[in-house]
Amino acid sequence: MQPIISISGVTKTYATGFKALKEINLDIVRGEIFALLGPNGAGKTTLISIVCGIVNRSSGSVTVDGHDINRDYRAARSLIGLVPQELTIDAFESVWATVNYSRGLFGKPADKAFVEKVLRDLSLWDKKDAKAITLSGGMKRRLMIAKALSHEPRILFLDEPTAGVDVELRQDMWAMVRRLREDGVTIILTTHYIEEAEAMANRVGVINRGEIVLVEDKAELMRKLGRKRLVLELRSPLATVPDAFSRYALELSPDGGQLTYTYDNQSERPGVASLIRELEAAGIQFRDIDTENSSLEEIFVNLVRKPA
Amino acid sequence: MNPRAVMNLHAVWAIYRVEMARALRTVLQSIVSPVISTSLYFVVFGSAIGSRITEIDGISYGAFIVPGLIMLSLLTQSISNASFAIYFPKFVGSIYELLSAPVSYLEIVIAYVGGAATKSIVLGLIILATASLFVPLHIEHPVWMLAFLVLTAVTFSLFGFIIGIWAKSFEQLQLVPLLIITPLTFLGGSFYSINMLPGIWRTVTLFNPVVYLVSGFRWSFYGKSDVSVGVSLGMTVVFLLVCIAIVAWIFRTGYRLRN
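Residue numbers (my numbering), protein chains in the order written: chain W, 145 to 452; chain E, 246 to 504.
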C-alpha cells in the first residue's frame, strides 16, 4: 500500500549553518501510530514542521497521500492536524471562537455540531465561552488538540503530547488516540518517553543528531525487549558445556566460571525452570543467579550515544 | 500554485472575522481614542489657532485640515492595525497554524490587509462624521473621496503587514511608524498647503509620498489640490505596487516566516 507520508532525502540547514536534518528517508504507513523517539534537539520538531509546511526544507521531497507538499500544498495540508509542543493560542479569544477559526482556516464550512462534539470529547464544552488566557495548562493543551481535530484531519501530529501533562489528561489523550486510530486516522507522535512509545505505537523510529537511526515494528522491538539473559555463577569452573545441554545454546565464560542462557521471556516456555532442574540433576552447582533485561531504553540509549 | 485549486474562502473569512472581533474587543483603543485626538486637533488647530489664520485656497482653515486629519489617522491606523495583526501571532507562536493551513499567500494577504483596511476606513468615516460637527463640510467628488480612502487604507495596511513580518520585537514594530511615518504625515501638508513653503522646501516636499495622498484626498473634497490629482493617484498606485512586490518577495522566500 502506498505510504500516507513519504519523506525522501530531506535535509535542513539553518542560516546559522546548523544541520538540523541530514538526509531523512521515512515512510509512514496509512492508519498506523508511529512514534518518533529522540533526545532533545535531535530534529523531531524540525521534521514535523517541514511536513506541515511551517519550515522550508533545504532539499529533498515530501508527499502526503500522494500530494507534493509544495506543488499541491492545499490537498496535502488539509489532511493534516498538528498539535505543537508549545501552548501557543491567541489568549484573548474564547475557546469556541478559537476552534471554529481553526476549522475555517483549514477550508471547512462551519459545523457547530461537529465542533461541539470535539469540545465535549475533550471535556472542554463547559469552557466554550472562556477566554483561552483563563484556562489552566492542561485545558490549554486540550484546546490545542481541539484546534487540530476541528477540521477532521486524516493525519494527526502530536509533538511531545504528554510533556508536563497530568495523569488524567495523559490517559484521556491515549484513549483519544486509540479512538482516532479506530476511525482510520494516522498518528505520528514524538516523545522522549519510551513507555509512551511502547504503550501506543505500531512502529517506532529513533532520530538522533538529524538522522534516522532506526525504524522498526514495535512487535519486533518488543521481541528484542523480550530478550533476557540468565547468568549463573558456578561453584566450580567447567571446561566445556556438557553435550546434554546443547539445546539451550549456553555460553561459557572464558574462565569457565559463568554460564549464560539467553531466552525469550515472551514465549510460553522460556525454559528457565527446566534448565535449572537439569543442571541440578547433572550435579552442576551454582552460587548465584542473575537476570538481565535488554530493554528498549537500553537499545535507545545505545543508539543515541553513538559518537557522531 | 496549483491552478486547479479554488480559493479557500472559509479561511479568508475566518481570519477576517477574528480581526474584526479584535477591533470590537478593543473598541476603546481602536475607535474612541482616534476620535478624541481628532476632536482635540479641531479644538486647537481648527478653532483656537484656525480662527486667526486666513482662508487657504478660499477654504476656511478648519475645513482645510479635515482631509489631512483623516489621512493622518488612516495612515497610522492602517499601519498599526496590519502590523500588529501579523506580528502578534508571530510573537505568541500561534502563527504555526496559519503556516500549516491550506491557505495561499494571496488569501493571507487579502484577509489580514482586508481586515486592517476595513478598520481604518470605518475609522476614517467616523472621523469625517466627527469633523462635520465642528466645521461645515463639502465633498465635491464623493466617489473619488472613497476611492482615495480605500486605496490609501489598502496600501498602508500592506505596508504595515510588511513591517509586522519584518519586526523582531515590539520596539521594531513601533520604530518605523514613529521615525518615518509620523514625520512624513506631519510634513505632508495636512495642516498647510505646500504652496505656502519657500521654493527649496517645496521641492523637497515633493519627495514625500504623503503629500500626494493628502493633496489628492483634499481635491476630492474641495476640488483644489497642491499637485495635480492624476499625479496623486499615480504616486499612490506606485506605492501600492511597491508594497505588493515586497509582499510577493516575502512569501516567495519565506522571509522571517518559514526560516
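Even for Gly, the Cβ is constructed at its ideal location relative to N, Cα and C.
In the DSSP assignment, no residue is bridged to I353(E). Relative to I407(E), the option among I372(E), P381(E), I489(E) whose CA is nearest is I489(E). Between the C-alpha atoms of S377(E) and E304(W) there is a straight-line separation of about 58 Å. In the three-state scheme derived from DSSP, where H, G and I count as helix and E and B as strand, T450(E) is classed as helix. Our two residues, L191(W) and M344(W), have alpha carbons roughly 21 Å apart in a direct line. Per DSSP, reduced to three states, the secondary structure at Y405(W) is strand. In this structure, DSSP gives R353(W) a state outside helix and strand, which the three-state scheme calls coil.
Straight through space, the alpha carbons of F250(W) and R463(E) are spaced by roughly 43 Å. Annotated three-state conformation of A346(E) is coil, per DSSP. Using a Cβ-Cβ cut-off of 7 Å, I233(W) is close to S339 of chain E, given in chain order. Counting C-beta atoms within 10 angstroms of its own C-beta, T306(W) has 16 or more neighbours from the protein chains shown and is therefore classed as buried. Taking a beta-carbon distance threshold of 8 Å, G251(W) counts as an interface residue toward chain E. DSSP places A425(W) outside any beta strand (DSSP E); the residue lies instead in the alpha helix (DSSP H), whose first and last residues are 416 to 425.
Considering only beta carbons, no part of the region 378 to 410 of chain E lies closer than 9 Å to chain W. Only exposed fits K261(W), as fewer than 16 other CB atoms lie within 10 angstroms of its CB. Interface annotation, N184(W): not in contact with chain E, CB-CB separation never under 8 Å. For T157(W), DSSP records a beta bridge to K163(W). Only residues of its own chain outside the window of five on either side were considered, and among them G401, Q402, F430, R431, D432, I433, D434 have a CB closer than 8 Å to the CB of E377(W), listed in chain order. Not a single CB atom of chain E sits nearer than 8 Å to the CB of E304(W). When beta bridges are read from the DSSP output, I332(W) appears opposite F178(W), F301(W).
A distance below 6 Å between beta-carbons, with the five flanking residues on each side excluded, links M288(W) to the following residues of its chain, in chain order: V227.
L370(E) is classed as exposed because its beta carbon has fewer than 16 other beta carbons within 10 Å across all chains shown.
Under the three-state reduction of DSSP output, I198(W) falls in the coil class, being neither helix nor strand. Look at G359(E): its C-beta is not under 8 Å from any C-beta on chain W. A straight-line Cα-Cα distance of about 44 Å links N440(E) and V257(E). Counting only runs of 4 or more residues that sit fully inside the region 264 to 326 of chain W, the alpha helix (DSSP H) segments are 281 to 293, 311 to 326, in chain order.
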